[in-house]
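Contents: one structure, followed by commentary.
Residue numbers (the working numbering): -8 to 511.
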């Protein structure tokens, strides 16, 4: 009872809490215990800035809030339990859904809090220049949103320590936008701020040995920084490639902007993001080197599959490009910007024709148009653009980008080859499969299964009416990770058919929430 002295540095200590009550015969009593820890002030590795956690706006930042936090929990937990029950019950009681799926859907959310997650306040005296240097000055209208919802960041993975790795967040973002939409929107404002800024320092990149600028203007960053440094202040902690030349990052920003607007109806957000979308698409246009309306990959691993080389037009980046161009048309229509709408409508009609001509082979879209030994590989993620279009209701009528029959044929081919011809159909979809049913071993990533990609693929199948195939595909990953490998609550980025897994506790599998969106 009473006060105890704080432990010395390095001193090991333990504590016990006990409570007692008298229980009448055949009766029952309830004892309530609350555990709270109050760590309100955060420094990242550089120690340059002090950050206050989001909850300090309610409980102060002096580090003495544990009793108040405990009191708050004890007086609110019954209400929290009722709300959690109301949220989960319709899914848990839906007899149409398999039990493994219910487990996967809710339990993969562990990463939202266990992913090195940080949610901090914007300092009250913060001005737009503080956000990201001189270029931030034109973005003062972004401040109210960031002040209201704070800054949110989570790691790519517990072993890949970069915050808000954007090519991967693209997949995981469905969990945020469906459950905590304001955090997704706040994260997007942060990315938008980094887009308009540059970091003129140079560094050498490991994969190519070349030296390049850390961050170019009007290009989406790979990540918002390293927890060992000063995130938000210094972005692009990733050292493998110069991601200014990556083809997917800018497109994934545009695709998320419209998807978020479609799901939240937040028209202020759409208006704020519109100039940024135009800037990143303008940057991206330089990758259409032959002016056929379709971007080309650069002959290196210039997208989220960062060890799998792509050359020329490609199913993955070409599909994301056409999806983003379609969404530019739609956003321009919503905002009444006729000139931009016409510009991207023209690009879309050219690009669709080029995509079909260069990549469609009668059954599926080829990996790329390079004519190399593996350009005819079947990529499990070839319909990523269609996945986002379908999630936004932009997959039919005047907005149909990819012919329905081609999408369904591609998905059926993936199911037959990448899923059922791999590990007896029990481990999800392998990233790359040769037409003869042998995994593509041209890269260290082409013969991996990426769990987050598989959940996205399953969602795409469900959107296209292939519901049984979608569930079978995703079930392979769940049973492999959560049951056979014993990796519950640390789902890796990848595994191979035998012996190999990579990057435990990873962001991308949160994409399972896109399956729920497809079902809804």
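For glycine and all other residues, C-beta sits at the position ideal for the given N, C-alpha and C. Being a predicted model, the structure only gives us computed values, none of them experimental.
Among the options, which residue has its Cα nearest to the Cα of residue i?
{"i": "residue 497", "options": "229, 480, 504", "result": "480"}
{"i": "residue 473", "options": "358, 369, 90, 362", "result": "90"}
{"i": "residue 277", "options": "246, 238, 266, 92", "result": "238"}
{"i": "residue 349", "options": "506, 306, 373, 374", "result": "306"}
{"i": "residue 375", "options": "53, 311, 7, 353", "result": "311"}
{"i": "residue 300", "options": "500, 360, 420", "result": "360"}
{"i": "residue 6", "options": "12, 13, -3, 453", "result": "-3"}
{"i": "residue 398", "options": "422, 103, 389, 373", "result": "373"}
{"i": "residue 40", "options": "309, 222, 412", "result": "222"}
{"i": "residue 309", "options": "241, 154, 138, 19", "result": "241"}
{"i": "residue 478", "options": "18, 60, 98, 370", "result": "98"}
{"i": "residue 225", "options": "442, 182, 74, 476", "result": "182"}
{"i": "residue 191", "options": "232, 206, 198, 197", "result": "206"}
{"i": "residue 38", "options": "203, 217, 489, 403", "result": "217"}
{"i": "residue 501", "options": "329, 171, 388, 86", "result": "171"}
{"i": "residue 255", "options": "31, 353, 168", "result": "168"}
State the DSSP-derived secondary structure class of residue i, mapped to helix, strand or coil.
{"i": "residue 288", "result": "strand"}
{"i": "residue 230", "result": "coil"}
{"i": "residue 146", "result": "strand"}
{"i": "residue 42", "result": "strand"}
{"i": "residue 305", "result": "strand"}
{"i": "residue 359", "result": "strand"}
{"i": "residue 175", "result": "helix"}
{"i": "residue 388", "result": "helix"}
{"i": "residue 215", "result": "coil"}
{"i": "residue 443", "result": "helix"}
{"i": "residue 151", "result": "coil"}
{"i": "residue 365", "result": "coil"}
{"i": "residue 159", "result": "helix"}
{"i": "residue 487", "result": "coil"}
{"i": "residue 423", "result": "strand"}
{"i": "residue 81", "result": "helix"}
{"i": "residue 410", "result": "helix"}
{"i": "residue 492", "result": "strand"}
Alpha carbon to alpha carbon, what distance is there between residue j and residue i?
{"i": "residue 274", "j": "residue 210", "result": "7 Å"}
{"i": "residue 319", "j": "residue 252", "result": "13 Å"}
{"i": "residue 264", "j": "residue 248", "result": "7 Å"}
{"i": "residue 4", "j": "residue 28", "result": "16 Å"}
{"i": "residue 449", "j": "residue 456", "result": "11 Å"}
{"i": "residue 303", "j": "residue 491", "result": "31 Å"}
{"i": "residue 508", "j": "residue 382", "result": "7 Å"}
{"i": "residue 467", "j": "residue 333", "result": "44 Å"}
{"i": "residue 201", "j": "residue 195", "result": "5 Å"}
{"i": "residue 297", "j": "residue 230", "result": "11 Å"}
{"i": "residue 115", "j": "residue 418", "result": "49 Å"}
{"i": "residue 494", "j": "residue 486", "result": "9 Å"}
{"i": "residue 339", "j": "residue 454", "result": "23 Å"}
{"i": "residue 325", "j": "residue 262", "result": "10 Å"}
{"i": "residue 369", "j": "residue 54", "result": "55 Å"}
{"i": "residue 414", "j": "residue 439", "result": "12 Å"}
{"i": "residue 111", "j": "residue 0", "result": "27 Å"}
{"i": "residue 512", "j": "residue 24", "result": "The question about residue 512 has no answer here: the residues shown for the chain are numbered -8 through 511."}
Return the first residue and the last residue of the alpha helix (DSSP H) that residue i is part of.
{"i": "residue 337", "result": "329 to 350"}
{"i": "residue 507", "result": "503 to 510"}
{"i": "residue 376", "result": "375 to 382"}
{"i": "residue 250", "result": "240 to 255"}
{"i": "residue 53", "result": "No alpha helix (DSSP H) holds residue 53; DSSP gives it neither H nor E."}
{"i": "residue 101", "result": "101 to 105"}
{"i": "residue 397", "result": "395 to 405"}
{"i": "residue 97", "result": "90 to 98"}
{"i": "residue 274", "result": "258 to 275"}
Applying the criterion that 16 or more other CB atoms from any shown protein chain within 10 Å of the CB defines a buried residue, is residue i buried or exposed?
{"i": "residue 160", "result": "buried"}
{"i": "residue 401", "result": "buried"}
{"i": "residue 49", "result": "exposed"}
{"i": "residue 386", "result": "buried"}
{"i": "residue 147", "result": "buried"}
{"i": "residue 513", "result": "As shown, the chain starts at -8 and ends at 511. That puts residue 513 outside it, with no answer to give."}
{"i": "residue 322", "result": "buried"}
{"i": "residue 432", "result": "exposed"}
{"i": "residue 408", "result": "buried"}
{"i": "residue 79", "result": "exposed"}
{"i": "residue 293", "result": "buried"}
{"i": "residue 233", "result": "buried"}
{"i": "residue 358", "result": "buried"}
{"i": "residue 213", "result": "buried"}
Just to confirm the assignment, what range does the beta strand (DSSP E) spanning residue i have?
{"i": "residue 203", "result": "202 to 206"}
{"i": "residue 191", "result": "190 to 195"}
{"i": "residue 111", "result": "109 to 111"}
At least one CB of chain C closer than 7 Å to the CB of residue i: is that the case?
{"i": "residue 469", "result": "Any reference to chain C falls outside this structure, which holds one protein chain only."}
Following a CB-centred definition, is residue i positioned closer than 6 Å to any heavy atom of the ligand FMN?
{"i": "residue 362", "result": "With respect to the ligand FMN, the structure offers nothing, as it holds no ligand at all."}
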